[in-house]
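For the sequence shown, this note's numbering begins at 1 and goes up steadily by one. By construction, the Cβ of each residue, glycine as well, lies at the ideal position given by its N, Cα and C atoms. Fair warning: this is a prediction, and the values are worked out from it, not measured in the lab. These notes concern the structure reproduced below.
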Amino acid sequence: MNAEKVERIKREYEITQEEADRLEAIFFEYDEEITLRDGKVYKIPPCSLKKAKRLMHLLKSINVDVVIMNFIPTGNTKEDKQREKDLYEILMMGFVNYPEVTIEYLEEYVDLITAKKIFNILIGLNGIKK
Numbered sequence: 001m002n003a004e005k006v007e008r009i010k011r012e013y014e015i016t017q018e019e020a021d022r023l024e025a026i027f028f029e030y031d032e033e034i035t036l037r038d039g040k041v042y043k044i045p046p047c048s049l050k051k052a053k054r055l056m057h058l059l060k061s062i063n064v065d066v067v068i069m070n071f072i073p074t075g076n077t078k079e080d081k082q083r084e085k086d087l088y089e090i091l092m093m094g095f096v097n098y099p100e101v102t103i104e105y106l107e108e109y110v111d112l113i114t115a116k117k118i119f120n121i122l123i124g125l126n127g128i129k130k
């Protein structure tokens, strides 16, 4: 019965399977899995309302698509440090269920590609459009 409803909605709203899957994940609040460079698999949950609001604010301050750009000095030391702090705050939102994961841990076990994946997971799980 749910499959029939999903198909009907897809036809009515003309959405792709990918978009339907994304909306289903948001609705049912599925966690996404990510493997860090330590080989461990972590489950990233959707944010609480408070954290989602903060996430939307922070995403305005960093470059999500080219993560390395967040570490290139601009000549404004204060802004550069704030941007890096914001980047790590966003990454930490994905690991709220893992108290052992610290910023230092992420610095060691998250590379640029994985950081981008984490950003995209948080954006997708919370239904935020880029």
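What whole-angstrom Cβ distance do N120 and A52 have, given they're in contact under 8 Å? Taking the first residue of the sequence shown as 1, we reach residue 120 at position 120. Taking the first residue of the sequence shown as 1, we reach residue 52 at position 52. N120 to A52, Cβ: 15 Å. No contact.
Chain-order list of residues whose beta-carbon lies under 6 Å from that of F95 (same chain, five-residue window excluded): Here residue 95 is taken as the residue at index 95 of the sequence shown, counted from 1. Contacts found: V101.
Tell me, please, which residues DSSP counts as bridged to Y42. Here the question's residue 42 lines up with position 42 in the sequence shown. Paired residues: I34.
From this set, N97, N76 and I118, which residue's C-alpha is nearest L87's C-alpha? Counting from 1 along the sequence shown, the entry for residue 87 is found at position 87. Checked all of N97, N76 and I118; the closest Cα to L87 is I118.
Can you tell me which of A115, I15, V6 and V64 puts its alpha carbon nearest to the alpha carbon of M92? The count along the sequence shown starts at 1 and reaches residue 92 at position 92. Nearest of A115, I15, V6 and V64 to M92, Cα basis: A115.
Cβ of I15 within 8 Å of any chain B Cβ: Absent from the structure is chain B; it holds one protein chain and no more.
Do Y109 and R37 count as a contact pair if the criterion is CB distance below 8 Å? As a position in the sequence shown, residue 37 is number 37, starting the count at 1. As a position in the sequence shown, residue 109 is number 109, starting the count at 1. A contact, by the Cβ cut-off of 8 Å.
Starting from the C-beta of T74, find all residues in its chain whose C-beta is less than 8 Å away, skip the five residues before and the five after it, and write them out in chain order. To locate residue 74, count along the sequence shown from 1; it is residue 74. Closer than 8 Å at the Cβ level, and outside the excluded window around T74, lie D80.
Sequence-distant residues of its chain with Cβ nearer than 6 Å to I103 (five each side left out): Within the sequence shown, the letter at position 103 stands for residue 103. Apart from sequence neighbours up to five positions away, the residues of its chain that approach I103 with a beta-carbon distance below 6 Å are Y88, ordered along the chain.
Can you name, in chain order, every residue of its own chain whose Cβ lies under 6 Å from the Cβ of S48, other than the five neighbours on each side? The residue you call residue 48 lines up with position 48 of the sequence shown. Hits under 6 Å: none found.
T16 to E4, Cα distance in whole Å? Residue mapping note: residue 16 aligns to position 16 of the sequence shown, counting from 1. Residue mapping note: residue 4 aligns to position 4 of the sequence shown, counting from 1. Distance between the alpha carbons of T16 and E4: 15 Å.
P99 versus Y105 - alpha carbon distance: Mapped onto the sequence shown, residue 99 falls at position 99. Mapped onto the sequence shown, residue 105 falls at position 105. If you draw a straight line from the Cα of P99 to the Cα of Y105, it is about 11 Å long.
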